[in-house]
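Comments concern the structure below.
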Amino acid sequence: MNHRTTNQREEEILRELYRTGGSCRVSVLANALGVTLETIRRNVRTLEERNIVRKVHGGVHLVEDVQEPTLKSRLDTKVDAKEKLAAKVADIISDGDSLFLDIGSTTAYVAKALRDHSDLFVVTNSVFVAQTLASRNNNRVFMAGGELRAHDGGAFGAEAQDLVRRLNVRFAILSAGAVNGENGFMLHDLQEANLARLAIDSAQVRVIVTDSEKLGKRAPVTLEKANKIDLLFTDQTPEQSIQDMLNRNDIELVVAD
Numbered sequence: 001m002n003h004r005t006t007n008q009r010e011e012e013i014l015r016e017l018y019r020t021g022g023s024c025r026v027s028v029l030a031n032a033l034g035v036t037l038e039t040i041r042r043n044v045r046t047l048e049e050r051n052i053v054r055k056v057h058g059g060v061h062l063v064e065d066v067q068e069p070t071l072k073s074r075l076d077t078k079v080d081a082k083e084k085l086a087a088k089v090a091d092i093i094s095d096g097d098s099l100f101l102d103i104g105s106t107t108a109y110v111a112k113a114l115r116d117h118s119d120l121f122v123v124t125n126s127v128f129v130a131q132t133l134a135s136r137n138n139n140r141v142f143m144a145g146g147e148l149r150a151h152d153g154g155a156f157g158a159e160a161q162d163l164v165r166r167l168n169v170r171f172a173i174l175s176a177g178a179v180n181g182e183n184g185f186m187l188h189d190l191q192e193a194n195l196a197r198l199a200i201d202s203a204q205v206r207v208i209v210t211d212s213e214k215l216g217k218r219a220p221v222t223l224e225k226a227n228k229i230d231l232l233f234t235d236q237t238p239e240q241s242i243q244d245m246l247n248r249n250d251i252e253l254v255v256a257d
């Protein structure tokens, strides 16, 4: 999971922290992994020394720079599911459509699935998406400006927000870091959430696409616009609480099985 871990127990702790959205109580970690509190505390101390986690009273938090893996590593996980999802999303997009695609790994697969489409009007803050769809089939691709982040090639900030705010597109294709029945759609990064909100407001049809690994999980930032989402594409039928959340917000579920 992380090249800075030194033993299997550290990897198990990080995996559990990712699963719970980036933070967890020490006692919960001990119960989940079936070890003593002292074992957890000892491994947390070594992780904290390498700035991978931060210890707070009774709990542990992932530090920001490891809360979300790099785009490259995410592209290499759940490939089959993401390809099926991408093909399903591509089916609703026609030649000549306009769309916004964010920096998620699943939306990167959507971009790949759109390579045979033509005359697309694409707005994105992802270098990967721009490179995939630009200069082919008479597409027009608008890359949101700003400094590119090293771990995912995404552009954020005032320039990116200004472009997304000024353009109106038919589809906003967005990823999610987590989905659950209580909070709806969540992301790991505040900048991503801010840009996603603008894209939702600038689009006619709003689509969330995420693999089933994110279902029932938590992430630090709530999107807060669940009632504006039109479609959720995923690869497994969600648990009942998520289905209830979708029904409350009149969101259509599409399962690519």
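In terms of UniProt numbering, the sequence shown is residues 1 to 257.
Even for Gly, the Cβ is constructed at its ideal location relative to N, Cα and C.
Residue i burial status per 10 Å Cβ neighbour count (16 or more: buried)
{"i": "residue 47", "result": "buried"}
{"i": "residue 114", "result": "buried"}
{"i": "residue 43", "result": "buried"}
{"i": "residue 36", "result": "exposed"}
{"i": "residue 252", "result": "exposed"}
{"i": "residue 234", "result": "buried"}
{"i": "residue 236", "result": "exposed"}
{"i": "residue 105", "result": "buried"}
{"i": "residue 91", "result": "exposed"}
{"i": "residue 17", "result": "buried"}
{"i": "residue 203", "result": "buried"}
{"i": "residue 79", "result": "exposed"}
{"i": "residue 257", "result": "exposed"}
{"i": "residue 199", "result": "buried"}
{"i": "residue 29", "result": "buried"}
{"i": "residue 190", "result": "exposed"}
{"i": "residue 192", "result": "buried"}
{"i": "residue 160", "result": "buried"}
{"i": "residue 65", "result": "Low confidence applies here, because residue 65 scores a pLDDT of 46, under 50, leaving its location unreliable; read the following figure in that light. So residue 65 counts as exposed."}
{"i": "residue 158", "result": "exposed"}
{"i": "residue 77", "result": "exposed"}
Best match in the options for proximity to residue i [C-alpha to C-alpha]
{"i": "residue 214", "options": "175, 203, 142, 243", "result": "175"}
{"i": "residue 268", "options": "198, 230, 221, 257", "result": "No answer is possible for residue 268: the residues shown for the chain start at 1 and end at 257."}
{"i": "residue 211", "options": "92, 238, 141", "result": "238"}
{"i": "residue 187", "options": "165, 197, 221, 158", "result": "221"}
{"i": "residue 139", "options": "10, 119, 160, 41", "result": "119"}
{"i": "residue 178", "options": "219, 232, 90, 94", "result": "219"}
{"i": "residue 34", "options": "131, 13, 51, 200", "result": "13"}
{"i": "residue 95", "options": "78, 116, 105", "result": "116"}
{"i": "residue 121", "options": "236, 223, 164, 157", "result": "164"}
{"i": "residue 53", "options": "31, 77, 23", "result": "23"}
{"i": "residue 227", "options": "77, 194, 7, 201", "result": "201"}
{"i": "residue 11", "options": "62, 156, 167, 192", "result": "62"}
{"i": "residue 224", "options": "25, 196, 123", "result": "196"}
{"i": "residue 123", "options": "167, 51, 32, 242", "result": "167"}
{"i": "residue 240", "options": "131, 232, 216", "result": "216"}
{"i": "residue 8", "options": "40, 20, 27", "result": "40"}
In DSSP terms, what residue i is bridged to
{"i": "residue 118", "result": "According to DSSP, residue 118 bridges with nothing at all."}
{"i": "residue 245", "result": "Answer is none; residue 245 lacks a bridge partner."}
{"i": "residue 58", "result": "Partner(s): none; residue 58 has no beta bridge."}
{"i": "residue 252", "result": "231"}
{"i": "residue 25", "result": "59"}
{"i": "residue 79", "result": "None, per the DSSP bridge assignment."}
{"i": "residue 98", "result": "121"}
{"i": "residue 53", "result": "62"}
(message) For the stretch 134-142 against the stretch 76-86, do three or more pairs of beta-carbon atoms, one drawn from each stretch, fall closer than 8 Å, so that the two count as touching?
(response) no
(request) Would you be able to state if there are at least three C-beta pairs under 8 Å between the stretch 47-62 and the stretch 98-107? (result) no
(request) Determine contact between the stretch 143-155 and the stretch 170-185, defined as no fewer than three beta-carbon pairs at a distance below 8 Å. (result) Short answer: they don't touch.
(request) Report yes or no: do the stretch 86-98 and the stretch 107-126 share at least 3 C-beta pairs separated by less than 8 Å? (result) yes
(message) Ignoring anything shorter than 4 residues, give me the alpha helix (DSSP H) runs that lie fully in the stretch 190-225, in order along the chain.
(response) The qualifying runs are 190-201.
(request) Report yes or no: do the stretch 234-251 and the stretch 120-133 share at least 3 C-beta pairs separated by less than 8 Å? (result) no
(message) With a threshold of 8 Å, are at least 3 pairs of Cβ atoms found where one atom belongs to the stretch 197-213 and the other to the stretch 152-172?
(response) Three or more beta-carbon pairs separated by less than 8 Å link the stretch 197-213 to the stretch 152-172, which places the two stretches in contact.
(message) List, from N- to C-terminal side, the beta strand (DSSP E) runs of 3 residues or more that fit wholly inside the stretch 112-194.
(response) 121-124, 140-143, 169-174, 178-180, 184-187
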